[in-house]
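For reference, the structure is listed below as structure tokens.
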Amino acid sequence: MADYKQYKQQVLSGETTVVRTVQDFLAKAIQQKHLNAFIELWGEESLMRAAQIDLQIAEGKGGKLAGMVIALKDNICYKGHSVTNSSKILKGFESLYSSTVVERIIAEGAVIIGRCNCDEFAMGASNETSAYGPVLNARDNTRVPGGSSGGCTVAVQAGMCHAALGSDTGGSIRQPAAFCGQVGFKPSYGRVSRWGLLSYGSSFDQIGPITSNIYDCALLMEVISGTDGKDATASSNKVEDYTDLQASNKPLRFAYLDTCLNNKGLDEELRTQSFAIFEQLKALGHTVETVEFPYLDYLVPAYYVLTTAEASSNLSRYQGLTYGYRTEEKGDLDSLFKKSRSEGFGREVKRRIMLGTFVLTSDFYDAYYTKAQKVRRLIQESTEKILESYDFIITPTTPSTAFKFGEKTKDPVAMYLADIFTVQANLSGHPAISIPAGVHSNGMPWGIQLMGKQFGEKKLFSFSEELSKIVSP
Ligand code: GLN
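Using the working numbering, you'd call the opening residue of the sequence shown number -3 and step up by one each time.
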């Protein structure tokens, strides 16, 4: 697919229009409905908006994203539009306000084409827990697209939009990007406002782009990043010029974690391919060294204790009164809450609410919650320390390529382990990107992940552009 720069050129030269582009995307989305990427297409509205943008461009106005066609994950609020987090419990609910990211992309001329399927409440790594059914990987329909932003990623993969905005609490942008051969970016915690994102684990959640190339990803980040009076965790650090992708003129230092590359769960071919990339980097004069990271086995447990605890609190607001779904059964207030929640939430969400409630009970708080907080601190410190001596941490994004439907649904722990290489960045707050790294002999794409220094987005994008040229499939 043409990147935004080329497309903008085509619009300016009259080769295409934004309206025609939206029509094409809509047609592709309808033709490939079986992939189940979109829950809802805002066809008429996006065509009207496209016509306005065409006029603006003709008048030489158009913003930074003029005519870029973007899909939203079904957990990002857009005023007057439904948002359900792919859950029955939010059936019929409409956003009363727009998220900050939506306001920012609209102000720069983006066209929002629809909302995309995801794992229910962004809890999952395969997009199999959605109340709207699974999303299919466009490369191989028997395989998962990854999750939880599976719909967004397939919408980009299958050419139904230029880009999408997803959310990443433990890998939900980078993991599907790796499974579908796209670029996925998890910003530094606090880089992007969470205002209007339906919360899962508030101290982990970040909104970020899924795109077909690095430039578009950097461009979207330039627009959505920055301080926001509506989110106290949004940083006031200056937003740099991320699209100024500069080739590094000095050798860089890469760390890879011994425990990650020698992990027994890592696919043999991905291990060999990763080492081959390290050799290519060395041949270019960079340093690639192994570092000790003794916490790999603690990443997933700490992540699941803390995020389920936060989720159990965040999801307590869905009780059948304020939002969306309410049970039909008559009864007192207590039973209305219980029935609505029992009927409205799916199995995985219930499992996590119970887990989170358990780790927060006074009897077990110290044994689980406090301990996991301490582990999080150790992980943060250790990651920070590695990044004091190295520019980037480099790993495969996932331990395997996209797996088959049903392969992990009976074993939640096997599913949770799909996140083993991505959760570190969420626990520590560092930015991380997944870049398409090649194709496995099973025909599926895989991704290489780079983690950078806190608020080191600019350098991360610049080097990602270089790396993507080296590894491009
Ligand atoms: N797979 C992880 C989970 O299930 C990540 C989800 C996410 O990043 N939203 O929690």
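Quick reminder that beta carbons are idealized off the backbone N, C-alpha and C, glycines included. Predicted model, so just to flag it, every value in this text is computed and none were measured.
Given Ser458, which residues of its chain have a CB within under 6 Å of its CB, disregarding the five upstream and five downstream residues?
Leu241 and Gln242
Spatial distance of Gly204 from Thr418 (CA atoms):
14 Å
Within 10 Å of its beta-carbon, does Ile26 have 16 or more other beta-carbons around it, so buried, or fewer, so exposed?
exposed
Cβ of Asp50 within 8 Å of Cβ of Val15?
yes
Among Asp407, Val188, Asn209 and Lys57, which has the Cα closest to the Cα of Val98?
Val188
Go ahead and pull the three-state DSSP assignment for Thr223.
coil
Of all the options Phe341, Ser308 and Thr303, which has the alpha carbon lying nearest to the alpha carbon of Tyr321?
Phe341
Is Gly342 helix, strand or coil when you go by DSSP?
coil
Exposed or buried, Ser232, counting other C-beta atoms within 10 Å across all chains shown (16 or more means buried)?
exposed
What are the complete beta strand (DSSP E) segments, minimum 3 residues, inside the segment 206 to 285?
249 to 253
Within the same chain, show all residues whose beta-carbon is closer than 8 Å to that of Glu285, passing over the 5 residues directly before and after it, in chain order.
Arg249, Phe250, Ala251, Tyr252 and Tyr386
Using a threshold of 7 Å, is the CB atom of Asp70 nearer than that to any non-hydrogen atom of the ligand GLN?
no
At least 3 beta-carbon pairs within less than 8 Å: the segment 429 to 442 vs the segment 391 to 401
Counting Cβ pairs under 8 Å, three or more are found: they touch.
Does DSSP classify Thr303 as helix, strand or coil?
helix
Within 7 Å: the Cβ of Ser163 and any heavy atom of the ligand GLN?
yes
Sub-8 Å separation of Pro172 and Gly146 beta-carbons:
Closer than 8 Å, so yes.
Which residues bound the alpha helix (DSSP H) around Gln369?
Lys367 to Ser385
Among the residues of its own chain, which have a CB less than 8 Å from the CB of Gln369, if the five just before and after it don't count?
Leu302
Determine which residues share a DSSP beta bridge with Glu36 and list them.
Arg111
Just list the residues that DSSP pairs Trp442 with in beta bridges.
Gly434
Val355: which of Ser308, Asn422, Ile390 and Glu324 sits nearest, CA to CA?
Ser308
Specify the secondary structure class of Thr80 as computed by DSSP and reduced to three states.
Correct three-state label for Thr80: coil.
Report whether the distance from the Cβ of Ala118 to the nearest heavy atom of the ligand GLN is below 7 Å.
Under cutoff, so the answer is yes.
Over what stretch of residues does the beta strand (DSSP E) that includes Phe181 continue unbroken?
Val179 to Lys182
Cβ distance (whole Å) where Ala67 is taken to contact Ala134 below 8 Å
With a Cβ gap of about 14 Å, Ala67 and Ala134 do not count as contacting.
Confirm the yes/no value for this check: CB of Ser270, any heavy atom of the ligand GLN, distance under 7 Å.
Checking the Cβ of Ser270 against the ligand GLN gives no.
Quick check: is the beta carbon of Gln153 nearer than 8 Å to any beta carbon in chain C?
No chain C is present in this structure, which holds just one protein chain.
Going by C-alpha to C-alpha distance, which of His426, Trp191, Cys213 and Val150 sits closest to Lys1?
Cys213
Beta bridge counterpart(s) of Ser163 as assigned by DSSP:
Ile203
Thinking C-alpha only, which one of Glu403, Ala230, Asp201 and Lys29 is nearest Gly155?
Lys29
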